[in-house]
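Residue numbers for the sequence shown follow my numbering, beginning at 907 and rising by one.
Here is the structure we will look at, set down as structure tokens.
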Amino acid sequence: MKERLVTRDYCLILAANFLLFFGFWLLMPVLPFYLSEVFGAGKATIGIVLSCYTVAALCVRPFSGYLLDTFARKPLYLLAYFVFTAMFAGYLVAGTLTMFILFRVIHGVSFGMVTVGGNTIVIDIMPSARRGEGLGYYGLTNNVAMAVGPMAGLFMHDGGMSYIVIFCCSLGSCLLGFLSASLVRTPYKPPVKRTPISLDRFILIKGLPAGLSLLMLSIPYGMTTNYVAMYARQIGINASNGLFFTFMAVGIAVSRLFSGRQVDKGHVTGVIMTGISVAVVCPFLLSSLAWLVTWNSGLCVYAFFFTALLIGLGYGTMFPAYNSLFVNLAPNSQRGTANSTYLTTWDVGIGIGMLAGGYIAQVFSFSSAYLFGAVVAVGAALYFHLKVTPHYRRNKLR
């Protein structure tokens, strides 16, 4: 008989995670416009400002995994969640670009801790026999927020709402999430004897090959979520950019119908490879839109939304499977480190995507940036098949 997955605490952590990411992603596609219109920042500057968040997050991620494996997890999680929420209020009072960057860095540090904490707590409270399925639904809250949040932000922006209103909506979402997080009951974690400081207490060494492939795949994803609205406006796509993220959400939801259960059956690398195969096509399609819109603008709109659906299917399939892969490579005493490594590599790639996307778009075009992302994604697919899959089969612990 299967252990029960849907419990009160599991539902609360799902809600807390969704509301946190919704508040974050609500601002993501709007920030380039905000920085350009309010501070007069150029594309390269926008890329630097946006990526400093990710750089700050990845700097703290390895240490957060160690802290979560050593100390009580919930207090650390709640502290990081509170600081993360407070930074939305900081954006409201940032009167200069320098102050905005400072709040952005603090926001990134808290994000690095709160995401590792949430991922580790959800593993603690779910039955191990249903970990793949449970992580799938948990990852779904991330991914749906990544799709619905930007959609809502763009609808609000295009509808004429002020930036202050949009920032306040993000703040309100995270306040509700903090309340949900504070109600989660976590199992008792006995004190852990601190081992001597070494590299494997901060980074899951066995997870580095998988981490490199995930990093490469997150580069085109970072370009897409941050710049797709600007790209669509630049090439003249006549459609609501918010609907792009709606179709991403649909693709993510569909992917969850099969991926989590297949992971629990042991098909971790197969599920990831399926997701990669779909995701690799997407940056090629995005790059080709600049040509397609000059030939047939109506067909270009359909291709634009079809690409969003494929992005949701591809990344929605691989996200929870990648998380399970990292956890399966680590002993139970290093769950925090495993999640930290998983999220750190993802953040590094997102940061590179933001920087590279802004720089290439300024020197060449957004179409060239997506073509670069496509080449990187193909490299990731080959590397995962040839290197990561055999490495995982040799070293997995469960």
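Just so it is clear, CB atoms sit at the ideal spot from N, CA and C, and this is done for glycine as well.
Identify whether Met1032 lies in helix, strand or coil by the three-state DSSP scheme. coil
Review point. Between which two residues does the alpha helix (DSSP H) containing Ala1185 stretch?
Key: Counting along the chain, the alpha helix (DSSP H) containing Ala1185 begins and ends at Val1174 to Trp1201.
Which residues in the same chain as Ile1007 place their Cβ atom closer than 8 Å to its Cβ, once the five residues preceding and following it in sequence are excluded?
Correct list, in chain order: Val955 and Cys958.
With 7 Å set as the bound, which would you pick, yes or no: does the beta-carbon of Leu926 sit closer than that to a beta-carbon of chain B? You won't find chain B in this structure, because it holds only one protein chain.
* **Rounded Cβ spacing between Ala1155 and Gly1220 (contact assumed at less than 8 Å)** => About 14 Å; that fails the 8 Å criterion.
* Is the Cβ-Cβ distance between Val1294 and Ser1124 less than 7 Å? -> no
Using the rule of at least 16 other Cβ atoms within 10 Å of the residue's Cβ for burial, across every protein chain shown, is Trp1201 buried or exposed? With fewer than 16 other Cβ atoms within 10 Å, it is exposed.
- Would Gly1305 pass as a contact of Ala922 if the rule is Cβ separation under 7 Å? What the structure shows of the chain is the stretch from 907 to 1304, and residue 1305 is not part of that stretch, so it cannot be assessed.
message: Please classify Phe1164 as buried or exposed, where buried requires at least 16 neighbouring CB atoms within 10 angstroms.
response: exposed
Handout entry: Under 7 Å between C-beta atoms of Leu920 and Thr1047
Key = yes
For this session: Just mark Leu1205 as buried or exposed, buried being the case when its beta carbon has 16 or more other beta carbons within 10 Å.
Result: exposed
- request: Report the option in Gly1255, Ala1000, Phe1272 and Phe1073 whose CA atom is closest to the CA atom of Phe945.
  value: Ala1000
>> Any contact between the region 1014-1024 and the region 987-999? By contact I mean 3 or more CB pairs, one from each, below 8 Å.
In response: yes
Review point. So Ile1182 packs on Ala1275, CB below 8 Å; how close in whole Å?
Key: Not a contact, Cβ separation roughly 20 Å.
* Going along the chain, which residues of its own chain have a beta-carbon closer than 8 Å to the beta-carbon of Val1022, five neighbours each way excluded? -> Arg967, Ser970, Gly971, Leu974, Gly1242, Asn1245, Ser1246 and Leu1249
_Please report the straight-line C-alpha distance between Pro935 and Arg1167, rounded to a whole angstrom._
32 Å
Subject >> Coarse secondary structure for Gly1040, derived from DSSP in three states >> reply: helix
* Val1011: which of Leu964, Met1057, Val1199 and Phe988 sits nearest, CA to CA? -> Leu964
For this session: Could you spell out the range, first to last residue, of the alpha helix (DSSP H) harbouring Arg1300?
Result: Thr1295 to Asn1301
- Kindly indicate the opening and closing residues of the alpha helix (DSSP H) around Met934. Element bounds for Met934: n/a, residue is neither H nor E.
Could you name the residues of the same chain whose beta carbon sits closer than 6 Å to that of Phe1190, not counting the 5 residues immediately before and after it, in chain order? Ala1280
**Prompt:** Over what stretch of residues does the alpha helix (DSSP H) that includes Ala947 continue unbroken?
**Reply:** Careful: Ala947 lies outside any alpha helix (DSSP H) and carries neither H nor E.
Relative to the C-alpha of Phe1225, which candidate in Val1020, Val1177, Leu1077 and Ser1086 has its C-alpha closest?
The residue among Val1020, Val1177, Leu1077 and Ser1086 with its C-alpha nearest the C-alpha of Phe1225 is Val1177.
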